[in-house]
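Notes follow once the structure below has been shown.
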Amino acid sequence: MEKEIPLVHGGYYHIYNRGNAGENIFREQRNYPYFLTLYAKYIEPVAETFAYCLLRNHFHLLVRIRERETCQVSKDLTGLSKVLNPSQQFSNLFNSYTKSINIACGRTGNLFQRPFGRIRVTNHEYFANLVHYIHVNPQKHGFIDDFREYPYSSYQTFRSAKPTRLNRDVVLEWFGGGDNFKMIHDLPLDTQAIVELIGNDGD
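Its first residue numbered 12, the sequence shown is counted upward by one per residue in my numbering.
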């Protein structure tokens, strides 16, 4: 079982999860955009997103939990305002998505493993390597021959000028610009440089 560490305001995290008992969490193409729609609803109020990859049976995210004063608030049953809890928001995301899949597929029970994986990233030198790792994942697991063509990761967003919810400018700054972003992604990935940030993430 993954060690459940707290999500601290202002902290950067590699967050990942997989299907319970190896079950697929994305069963049809429409599931991927639907998950991202729910992600925007539940997670954007409490976190910035820098990179993501959704695979058939697991996913990866690189996020920064917003500072307490910039997290959205909600009202409790007494009408008092309170800051949204980041861990609870992730649970709400997984529960909402699970309910939809259960209805569509006629299944019951948990879809995701609990607790979800989270590793805090404290060394800024690792950010670019972790983004690279997240983007290469579909090819690493054999879902596609070339990760650059995978449609359910953030890689293509960084090669585009279209508006995005991702914190694209910050990520490109980590890489030293768009040309370096492409060049580094074309190089072999050095997983040993970030082995402590990968965890038991779906291998």
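Beta carbons are placed, not taken as given, at the ideal position from N, Cα and C, and that holds for glycine.
The C-alpha of P126 is placed about 16 Å away from the C-alpha of V19. In summary, H196 is buried, with 16 or more beta-carbon neighbours lying within 10 Å of its beta-carbon over all protein chains present.
Fully contained in the segment 20–58 are the following beta strand (DSSP E) runs of length 3 or more, in chain order: 23–29. Annotated three-state conformation of C82 is coil, per DSSP.
For the pair Y137 and Y43, the CB atoms are not nearer than the 7 Å cut-off. Its Cα nearest to that of L122, the residue R38 stands out among H135, Q150, Y53, R38. Apart from the 5 residues on each side of it in sequence, G189 sits with its Cβ closer than 8 Å to the Cβ of F169, R170, L183 in its chain, given in chain order. By the criterion of at least three beta-carbon pairs nearer than 8 Å, the segment 47–55 is not in contact with the segment 140–159. Nearest Cα to I112 within the set G187, I36, L141: I36. Inclusion of R41 and E59 in the CB contact set at 7 Å is not warranted, their separation being larger than that value. When the five nearest sequence neighbours on each side are left out, the beta carbons in the same chain lying within less than 7 Å of the beta carbon of L208 are those of H25, I130, V132, Y137, L141, in order along the chain.
When DSSP states are grouped into helix, strand and coil, H146 belongs to the helix group. By a beta-carbon distance limit of 8 Å, L95 does not contact C116. Their separation comes to about 29 Å. Close CB contacts of L65 within its chain, under the 8 Å cut and outside five residues either way in sequence, are with F37, Y43, F46, L47, Y163, S164 (chain order).
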